[in-house]
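K.L.:
Be aware that the sequence shown starts at 28, since it is given in our numbering, and climbs by one per residue.
Heads up, the beta-carbon is just placed ideally off N, CA and C, and yes, glycines get one too.
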Amino acid sequence: MKVGILGSGETGLTLGRGLVRAGYNVMIGTRNRYKEKLQQWIHENPHTAQLGTFAEAAAFGALLFLCTRWTGTQAAIETAGVWNFRKKVVVDVTNPLDGKGPDNMGRLHFSPGNAGSGGERVQAWLQDAHVVKALNCTGQQLITDPHLEEGLPTMFIAGNDDLAKKAVTDLLHHLGWRDVEDTGGIDMSRHLESLFMIWWAVGFRTGKWHHAFRLLRH
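#1: Going by beta carbon distance, what residues of the same chain come within less than 8 Å of Asp206, once the five residues before and after it are set aside?
#2: Here's a check: name, in chain order, each residue in its chain whose Cβ is nearer than 7 Å to the Cβ of Ala86, leaving out the five neighbours to either side.
#3: Taking Cβ to Cβ, would you say Val30 is nearer than 9 Å to Leu90?
#4: Please look up how many angstroms separate the CB atoms of Thr106 and Leu78, rounded, as I've assumed it's under 8 Å.
#5: May I ask you to report which of helix, strand or coil DSSP gives Leu243?
#6: Report yes or no: do three or more beta-carbon pairs, one from the segment 213–229 and one from the segment 185–201, lie closer than 8 Å?
#7: Tell me where the alpha helix (DSSP H) around Lys64 begins and ends.
#8: Please return the same chain residues whose Cβ sits closer than 8 Å to the Cβ of Leu153, not counting the five positions on each side in sequence.
#9: Since Phe231 is in the alpha helix (DSSP H), which residue starts that stretch and which ends it?
#10: For Asn59, name the three-state secondary structure that DSSP assigns.
#11: Tell me the residue span of the beta strand (DSSP E) that contains His157.
#12: Could you tell me which of Leu93, Arg148, Asn72 sits nearest to Ala82, measuring between CA atoms?
#13: Taking the alpha-carbon positions, what's the Asp115 to Ser144 distance?
#14: Could you tell me which residues DSSP puts in a beta bridge with Leu124?
#15: Using the Cβ count rule (16 or more neighbours within 10 Å means buried), how would you classify Leu40?
#16: Counting C-beta neighbours from all protein chains within 10 Å, is the total for Pro73 16 or more, i.e. buried, or is it exposed?
#17: Suppose you measure from the CA of Thr95 to the CA of His245; what does that come to, to the nearest Å?
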């Protein structure tokens, strides 16, 4: 399968590496294809990795990932061309943060005016796409091959289309997420985005960032 990733930061690049290892053909959409890490990724995977613009990556992928900073997400979608997302599954990895970083107590803050959720807003911007919130509630170092000493974590997802969620679940399994939990419609994104705030708070207070959530069953 061809996968397009919008965003070439650490999250997008880590995801690109994991997808290539899992056998996918990947194009990362970037504003700067000459970044050293991107060029190294291309050099290591000449047959399965490509770089392009946001529009090229969106057109390339049968399934797409949004890995942009929240403050630039709407602009990235517009630059990519809304028509390139039509009828595609779009995995929203973003969290709607205000972009100011942590305050003097180490707390992050959601973007002002974000009454609903980032996932709902992405779905509103891409009305003809099937948006699935996923991979947003842990750090980029665990979004692929999430093996921890205390066991395998759970990835929570949300979206309105069951077939889209099935496609994302299958892909997550290929990335090493054996336990994927469907939490419901895209409106559940607000709660998944709040999980990221808890993840961040634990990391800030302990100074350790290699952790994730797990759903335990009886």
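P.N.:
On the basis of the supplied data:
#1: Working through the sequence shown from its first residue, we reach residue 206 at position 179. If we look at Asp206 and ignore the five residues flanking it on each side, its Cβ neighbours are Leu179, Pro180, Thr181, Met182, Arg241, Leu242.
#2: Counting from 1 along the sequence shown, the entry for residue 86 is found at position 59. Answer for Ala86: Asn111, listed in chain order.
#3: In the sequence shown, residue 30 corresponds to position 3, counting from 1. In the sequence shown, residue 90 corresponds to position 63, counting from 1. In contact: Val30 and Leu90 (Cβ atoms closer than 9 Å).
#4: Residue numbering aside, residue 106 sits at position 79 when the sequence shown is read from its first letter. Residue numbering aside, residue 78 sits at position 51 when the sequence shown is read from its first letter. With 8 Å as the limit, Thr106 and Leu78 do not qualify as a contact, their Cβ atoms being about 15 Å apart.
#5: As a first step, residue 243 is located in the sequence shown; it is residue number 216 there, counting from the start. It is coil, neither helix nor strand.
#6: Taking 8 Å as the limit for Cβ pairs, the verdict is that the segment 185–201 does touch the segment 213–229.
#7: Walking along the sequence shown from the start, residue 64 turns up at place 37. Start and end: 63–71.
#8: Walking along the sequence shown from the start, residue 153 turns up at place 126. Excluding residues within five positions, the ones whose Cβ falls inside 8 Å are Ile104, Val109, Phe112, Val117.
#9: On the sequence shown, residue 231 is found 204 positions in, with the first residue counted as 1. Segment 216–233, the alpha helix (DSSP H) holding Phe231.
#10: Working through the sequence shown from its first residue, we reach residue 59 at position 32. In the three-state DSSP reduction, Asn59 falls in the coil class, being neither helix nor strand.
#11: Locating residue 157 in the sequence shown gives position 130, where the first residue counts as 1. It spans 157–160 - the beta strand (DSSP E) in which His157 sits, taken as one unbroken run.
#12: The residue given as residue 82 occupies position 55 in the sequence shown. Of Leu93, Arg148, Asn72, the residue nearest in Cα terms is Leu93.
#13: Position 88 of the sequence shown, counting from 1, holds the residue named residue 115. Position 117 of the sequence shown, counting from 1, holds the residue named residue 144. It should be noted that the sequence gives Lys, not Asp, for residue 115. Approximately 21 Å, taken between the alpha carbons.
#14: As a working note, residue 124 is residue 97 in the sequence shown. According to DSSP, Leu124 bridges with Phe137.
#15: Position 13 of the sequence shown, counted from the start, is the residue given in the question as residue 40. Leu40 is buried by the Cβ-count criterion.
#16: Start at 1 with the first residue of the sequence shown, and residue 73 comes out as number 46. Its Cβ having fewer than 16 others within 10 Å, Pro73 is exposed.
#17: For this step, residue 95 is matched to residue 68 along the sequence shown. For this step, residue 245 is matched to residue 218 along the sequence shown. About 38 Å.
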